Amino acid sequence: MVNMEMVSTFPRSPDEQFVDIHEVPEEEEEQQEEQEHQQNNTVKTGYAKEEKQFNKPIKIREWKRPYRSFSRQVSLETGFSAFNREQKDRQSLARSGNSFGGFGCAERKKGDFNIFRTRSGIVRQNSRLPFRRDSGTNVEQSDGLGGIDESVEETVPAGRYFAALTGPELDQIKESEDILLPKDEKWPFLLRFPIGCFGICLGLSSQAILWLSLSTSPATKFLHISPLINLSIWLLALFVLLLVFITYTLKCIFYFEAVKREYFHPVRVNFFFAPWIACMFLAIGAPPVVAPNILHPVIWCVFVAPIVFLDLKIYGQWLSGGKRRLCKVANPSSHLSVVGNFVGAILAAKVGWEEAGKFLWAIGFAHYLVVFVTLYQRLPTSEVLPKELHPVYSMFIATPAAASIAWSAIYGEFDCLARTCYFIALFLYCSLIVRINFFRGFRFSVAWWSYTFPMTTASIATIKYAEQVPSVISQGLALTLSFLSSTMVFILFFSTILHALVWKTLFPNDLAIAITKRKVGREKKPVKKTYDIRRWTKNMPSSYGSANGNNSVDKDNEAEK
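Note that our numbering has the sequence shown beginning at 7, numbered continuously upward.
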């Protein structure tokens, strides 16, 4: 039989009481039955029996038995439970099967995405065991044992992204992971607008440079390409850049916490170089009717200053070590952080500052060697990147091709060092072409635009090489690579329009920014190795079976040595 009593021991609030459940001994159970059947007995007999119960000695086993209350809820989704909730505040735990709302998530309104809004960390949100304030006191108490506050403001470690996400771009959630926002609900547009959209600007602006080179280069003069093509692509690229820049600026204003999550993402942090690289592409590929041959140095200062700032920040993390050292976060998109230096060197040569261009070229080339070797060894990403080839690997082409163009722009000729970098890019290009079958079977993504400008950069470098070494082979190679890059941009452009306007699937929920700081659930205990168990069982008879147990253990240890 179970006895229920209202006990006010250690209450959380003055109005709160717990239901105490404990077992009643058989003797007490019989006595209580006798009391029920003998209701006509005198009051004196009842008092005597009650006094007998109180004077009964308490057993130690019953005294140590902890009291447990009914107020416990277990989430079927996460396996966590909430203890000692008040009856009036008790609600069923929400279970979406897709996201982790935390305890008290039923109180959150549907469609409430304020946790990623700017300065949203002032109020405690998204804690697995929410905090509440006791009436009459100023002390905050947790609604469970060992509550953990999951704040969006806290920095997510780099290793957590690799553990919770999958895919070459680290944009897909693993099945065993929970997120802070619901999957089955459409998020606000700004939350779904990623930093990777600047890849569209990279692809279009680099095409403007390509068609400017095709219309003005002596190697392709026989084609008689009209400069209007360059002007049309340049205006389109400028319009798209302004549109994307304004949209992402609004995201920074209203959802700054989501922007911080993207900045700490080991892949997307490199895309913060993209808007400034796209601006420099537009300055380099500006039509003659829009800009003069020699640009003003202020343009270089405005566009290169953010590149240098990001270099100091990211390269400093690579150099100083820690959780974001290069061997931990290196991925093919890390080439974007290096390409910015070479593009800045090209723009420096165009404004007439050759020494500044040499400075940026030296910085970029030094870090390119480090990134190239790290990625070839595949130290940090052997478990993340799939075996199938993905367009992300085209980033290997961009850096050596941009280095060769920058060197020829600074020194005025396509000499031995420029050709060396170009041949490296050409070999990597060929290694991707021969594995064209591995590009099939991947879903379309906005980030694919970032992988078009490496093809365009290789085409421009080939045109520069054809100018220095004029021949049928070099000219034919320049035209072939130019046709491939333009075709790829054309296909992606119309695919983007279809996904954006017709199918409306261009911007799905950005799940990568909604991961939790730590994995939700209990960590598995390490399994004890077999040889440790054998050693333990081997020492058991020697320590317990003989009178001189300590001496036998010492002898066994000496024998093992």
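Heads up, the beta-carbon is just placed ideally off N, CA and C, and yes, glycines get one too. For clarity, every value in this text was computed on a predicted model and none was experimentally measured.
- DSSP places residue 430 in the uninterrupted alpha helix (DSSP H) bounded by 422-439.
- Comparing C-alpha distances from residue 244 to each of 426, 288, 204, 517 shows the shortest one belongs to 288.
- Spanning the alpha carbons of residue 319 and residue 284 requires a straight line of approximately 20 Å.
- Around the beta-carbon of residue 383, fewer than 16 other beta-carbon atoms lie within 10 Å, marking it exposed.
- Judged by DSSP secondary structure, residue 479 falls within the alpha helix (DSSP H) whose first and last residues are 478-503.
- Assignment of beta-bridge partners to residue 172 by DSSP yields 178.
- Contact check for residue 461 against residue 400 passes: the beta carbons are separated by less than 8 Å.
- Between the beta-carbon of residue 416 and that of residue 215 there is about 17 Å, and that puts the pair past the 8 Å contact cut.
- Residue 425 counts as buried, since no fewer than 16 other beta carbons sit within 10 angstroms of its beta carbon.
- Sequence-distant partners of residue 246 (beyond 5 residues in either direction) whose C-beta falls short of 7 Å from its own C-beta, in its chain, are 206, 207, 210.
- Taking one beta carbon from each stretch, the region 182-194 and the region 505-515 have 3 or more pairs nearer than 8 Å; the two touch.
- Under the DSSP assignment, residue 316 falls in the alpha helix (DSSP H) whose first and last residues are 303-326.
- One thing to note: residue 428 has its Cβ within 8 Å of the Cβ of residue 471.
- Residue environment analysis places residue 302 among the exposed positions, since fewer than 16 neighbouring C-beta atoms fall within 10 angstroms of its C-beta.
- Counted as a single uninterrupted DSSP element, the alpha helix (DSSP H) harbouring residue 222 occupies residues 204-222.
- Three or more Cβ pairs closer than 8 Å define a contact, and the region 272-286 meets that threshold against the region 299-314.
- In the DSSP annotation of this structure, the continuous segment of the alpha helix (DSSP H) that includes residue 245 starts and ends at 233-260.
- Note on residue 333: under 16 other CB atoms within 10 angstroms of its CB, so exposed under the neighbour-count rule.
- For residue 373, the uninterrupted alpha helix (DSSP H) run begins and ends at 360-383, by DSSP.
- In the DSSP assignment, residue 456 falls outside any alpha helix (DSSP H) and carries neither an H nor an E.
- If you check the CB distance, residue 344 and residue 327 do not come in under 8 Å.
- Look at residue 411 here: in three-state DSSP terms it is helix.
- Around the beta-carbon of residue 420, 16 or more other beta-carbon atoms lie within 10 Å, marking it buried.
- The straight-line gap separating the alpha-carbon atoms of residue 377 and residue 331 is approximately 11 Å.
- Going by DSSP, residue 523 is part of no alpha helix (DSSP H) at all; its letter is neither H nor E.
- Pairing residue 240 with residue 291 gives a Cβ-Cβ distance under 8 Å.
- Among the bridge pairs identified by DSSP, residue 185 is matched with 521.
- Between the alpha carbons of residue 201 and residue 264 lies a distance of about 11 Å.
- Between residue 252 and residue 279 the beta-carbon gap is near 19 Å, outside 8 Å, which marks them as no contact.
- Separation of residue 362 and residue 411 (C-alpha to C-alpha, rounded to the nearest whole angstrom) is 16 Å.
- Counting of Cβ neighbours within 10 angstroms places residue 271 among the buried residues, the total reaching 16 or more.
- For residue 282, the uninterrupted alpha helix (DSSP H) run begins and ends at 280-290, by DSSP.
- In this model, residue 459 and residue 407 are separated by some 11 Å (Cα to Cα).
- Going by DSSP, residue 354 is part of the alpha helix (DSSP H) stretching over 342-357.
- Non-local beta-carbon contacts of residue 276 in its own chain, meaning distances under 7 Å to residues more than five positions away in sequence, involve 339, 340, 342, 343 in chain order.
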